[in-house]
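Chains as they are written, first to last, in the UniProt record's numbering: chain F, 1 to 165; chain B, 1 to 165. Note that beta-carbon positions come from the ideal geometry of N, C-alpha and C, so glycine has one too. Okay, structure first, notes after.
Protein chains: 2
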Amino acid sequence: MYSIGDIAKLMGISTSAIRFYDRQGLLPFVERDKAGRRRFKPNDLNFIEVIDCLKKSGVPVKDIAHFVGLCMKGDGTLQERYDYLDKEEEMLESRISQMQKQLDFLRYKKWYYKTSVEAGTETIHFAPGTKTVDPKIKEQYETELAHCTNLRDLIDLKQNSAHNQ
Amino acid sequence: MYSIGDIAKLMGISTSAIRFYDRQGLLPFVERDKAGRRRFKPNDLNFIEVIDCLKKSGVPVKDIAHFVGLCMKGDGTLQERYDYLDKEEEMLESRISQMQKQLDFLRYKKWYYKTSVEAGTETIHFAPGTKTVDPKIKEQYETELAHCTNLRDLIDLKQNSAHNQ
DNA sequence: TCTTGACTTAAACATTGGTTTAAGTTGTAC
DNA sequence: GTACAACTTAAACCAATGTTTAAGTCAAGA
Numbered sequence: 001m002y003s004i005g006d007i008a009k010l011m012g013i014s015t016s017a018i019r020f021y022d023r024q025g026l027l028p029f030v031e032r033d034k035a036g037r038r039r040f041k042p043n044d045l046n047f048i049e050v051i052d053c054l055k056k057s058g059v060p061v062k063d064i065a066h067f068v069g070l071c072m073k074g075d076g077t078l079q080e081r082y083d084y085l086d087k088e089e090e091m092l093e094s095r096i097s098q099m100q101k102q103l104d105f106l107r108y109k110k111w112y113y114k115t116s117v118e119a120g121t122e123t124i125h126f127a128p129g130t131k132t133v134d135p136k137i138k139e140q141y142e143t144e145l146a147h148c149t150n151l152r153d154l155i156d157l158k159q160n161s162a163h164n165q
Numbered sequence: 001m002y003s004i005g006d007i008a009k010l011m012g013i014s015t016s017a018i019r020f021y022d023r024q025g026l027l028p029f030v031e032r033d034k035a036g037r038r039r040f041k042p043n044d045l046n047f048i049e050v051i052d053c054l055k056k057s058g059v060p061v062k063d064i065a066h067f068v069g070l071c072m073k074g075d076g077t078l079q080e081r082y083d084y085l086d087k088e089e090e091m092l093e094s095r096i097s098q099m100q101k102q103l104d105f106l107r108y109k110k111w112y113y114k115t116s117v118e119a120g121t122e123t124i125h126f127a128p129g130t131k132t133v134d135p136k137i138k139e140q141y142e143t144e145l146a147h148c149t150n151l152r153d154l155i156d157l158k159q160n161s162a163h164n165q
């Protein structure tokens, strides 16, 4: 049996967050001792793990409460629970590939600033005679990316770290 | 030149969101026509792209405003801007690997429910004589995962989709 | 017995990220 | 010249996700 404090430490969250989740219907399975204190059973950790996973996946509390509600209803909702997780799997996959896209763009911008720092000015990327970025700069990055074997060589700036000594 | 409505369509967000970002200091580079309306220059799209990328990466508006502030200060902040993006790259990488972990767990749970649906009951995963999940079930999944060639065979439920016809 | 620490609740508060509303301005098309 | 659509602002409002506060309960140890 675990207290709310034990679970808080275990999950790396605050006790007030756990009470909040309880209010929102995420923890209907938690029992109480005769003083009214929450007592988590070992099996409750299986629920906690799923809740934690869904939270970290960016699923809203309300949606998680719906899933937990299905779990409490017994074997009649197994298919529904599978379908729910199937949908969340798809959402998570698409969120990950979205973030991978953003990461690719961020790396282009790192290259943009690495080369700017090396040149001492951003103007090396400007179209001749303007103060605006040359539209072809990104293509240039993509060409360099396609021909390079080590991404880090392309985008990581080797700091001449004399530090402040 | 683009109006606020053009940009809204382009980015797939509302005009009120754009005005909110402006209030928060994300768009100090936007000019106005003599009637006070925002006029986005083609070069502004480079800023918009970065802002959009950082937003989609989960960076708070305040932090993005700080980066945009650096951009407005000219070549003196190039190193700082690089360092900022470098930090965001790391954060994004760690967020992606976090989500990948959650995805792996979600797939275990899909397997758990796929096999439950096929058996008609969740009790197949319970420890003998109890109403609680057998602690060894996850190991069993991991063994099956290690030996399987196609993840989808392991976790996807083939619906006997007679549908409702 | 008394104190201490961990728990309980309800209700107020805080923050982030916007949306909505109300009132007004402008350029264009009829 | 008048209507319309698209813009402007400030301020109010909203939902999600907790945190904080105030007042109280309880078990264990000195």
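Are the C-beta of Asp86 (chain B) and some C-beta of chain F separated by less than 9 Å?
yes
Kindly list, in the order they appear in chain B, the residues whose Cβ is closer than 7 Å to that of Ile105 (chain F).
Reading off the sequence, residue 105 (chain F) comes out as Phe, not Ile. Here the neighbours are Cys53.
Does any residue of chain B bring its CB to less than 9 Å from the CB of Asp63 (chain F)?
no
Can you grab the Cα-Cα spacing for the pair His163 (chain F) / Ala65 (chain B), in whole Å?
Low confidence applies to His163 (chain F): its pLDDT is 48, below 50, so where it sits in the model is not reliable enough to give any reading.
Which of helix, strand or coil does DSSP assign to Phe20 (chain B)?
helix
Please work out which residues of its chain come closer than 8 Å, Cβ to Cβ, to Ser43 (chain B), disregarding the five sequence neighbours upstream and downstream, and give them in chain order.
Before going on, a small fix: residue 43 (chain B) reads as Asn here, not Ser. Hits under 8 Å: none found.
Ignore the nearest five residues each way along the sequence and tell me which others in Glu31 (chain F)'s own chain have a CB closer than 6 Å to its CB.
Arg39
Just to make sure I have the definition right: I need the residues of chain B whose C-beta is within less than 8 Å of the C-beta of Ser57 (chain F). Which are they?
Met99, Gln102, Leu103 and Leu106
Bridge partner(s) assigned by DSSP for Val133 (chain F)
F:Phe126
Let me know if Thr115 (chain F) comes out buried or exposed under the rule of 16 or more other beta-carbons within 10 Å of its beta-carbon.
buried
Just checking: is the beta-carbon of Phe20 (chain B) within a distance shorter than 9 Å of some beta-carbon in chain F?
For Phe20 (chain B), the answer is no, since every Cβ of chain F falls outside 9 Å of its Cβ.
Specify, as a first and last residue, the run of the alpha helix (DSSP H) that Arg65 (chain B) falls within.
The sequence given here has Ala at residue 65 (chain B), not Arg. Where Ala65 (chain B) is concerned, the enclosing alpha helix (DSSP H) stretches over Val61 to Met72.
Taking 9 Å as the cut-off, decide whether the C-beta atoms of Val50 (chain B) and Phe29 (chain B) are in contact.
no
Is residue 167 (chain B) near Leu45 (chain B), with beta carbons less than 9 Å apart?
Shown here, chain B extends from 1 to 165; a query on residue 167 (chain B) therefore has no answer.
Report yes or no: do three or more beta-carbon pairs, one from the region 94-103 of chain B and one from the region 96-106 of chain F, lie closer than 8 Å?
yes
Unbroken alpha helix (DSSP H) run spanning Cys53 (chain F), endpoints:
Asp44 to Lys56
Per DSSP, Arg38 (chain B) is paired with what?
For Arg38 (chain B), which the question treats as bridged, DSSP gives the partners B:Arg32.
Going by DSSP, what residues sit across from Tyr2 (chain B) in a beta bridge?
B:Phe40
9 Å Cβ cutoff, Thr143 (chain F) in contact with chain B:
no
For Gly33 (chain F), which residues in the same chain have their Cβ closer than 8 Å to its Cβ, ignoring the five residues on either side in sequence?
Inspection of the sequence shows that residue 33 (chain F) is occupied by Asp rather than by Gly. For Asp33 (chain F), where only same-chain residues beyond five positions count, the Cβ hits under 8 Å are Arg39.
Counting only beta-carbon atoms, is Glu139 (chain B) nearer than 9 Å to chain F?
no
I want to see whether chain B comes within less than 9 Å of Gln24 (chain F), judged by CB atoms only; does it?
no
With a threshold of 9 Å between beta carbons, is Asn150 (chain F) in contact with chain B?
no
Does DSSP put Asp156 (chain B) in a helix, a strand or coil?
Coil at Asp156 (chain B), not helix or strand.
Going by the beta-carbon positions, is the gap between Ile4 (chain B) and Arg23 (chain B) smaller than 9 Å?
no
What residues from chain B crowd round Val117 (chain F), counting only those whose CB sits closer than 9 Å?
Leu78, Gln79, Arg81 and Tyr82
Measuring CB atoms only, is the region 77-87 of chain B touching the region 106-124 of chain F, in the sense that at least three cross pairs come out at less than 8 Å?
yes
Once the 5 residues before and after Tyr21 (chain B) are set aside, which same chain residues still bring their CB inside 8 Å of it?
Annotation for Tyr21 (chain B): Leu27, Ile51 and Val61 place their beta carbon closer than 8 Å to its own, counting only its chain and skipping 5 residues before and after.
Is there a C-beta anywhere in chain B that falls below 9 Å from the one on Pro28 (chain F)?
no
Per DSSP, what kind of secondary structure is Thr121 (chain F) in: helix, strand or coil?
Coil at Thr121 (chain F), not helix or strand.
Check Asn164 (chain B) in the structure and name its three-state DSSP category.
Caution applies to Asn164 (chain B), whose pLDDT of 46 falls short of 50 and renders its modelled position unreliable; the value that the coordinates give is listed next. Of the three classes helix, strand and coil, the one that applies to Asn164 (chain B) here is coil, per DSSP.
Determine whether the Cβ of Gly95 (chain B) lies closer than 9 Å to any Cβ atom of chain F.
The displayed chain sequence assigns Arg, not Gly, to residue 95 (chain B). Answer yes: the Cβ-Cβ gap between Arg95 (chain B) and chain F drops below 9 Å somewhere.
May I ask you to report which of helix, strand or coil DSSP gives Ser116 (chain F)?
Residue state, collapsed to three classes: helix.
Taking its Cβ as the centre, do 16 or more other Cβ atoms sit within 10 Å of His125 (chain B), making it buried, or is it exposed?
Under this definition His125 (chain B) is a buried residue.
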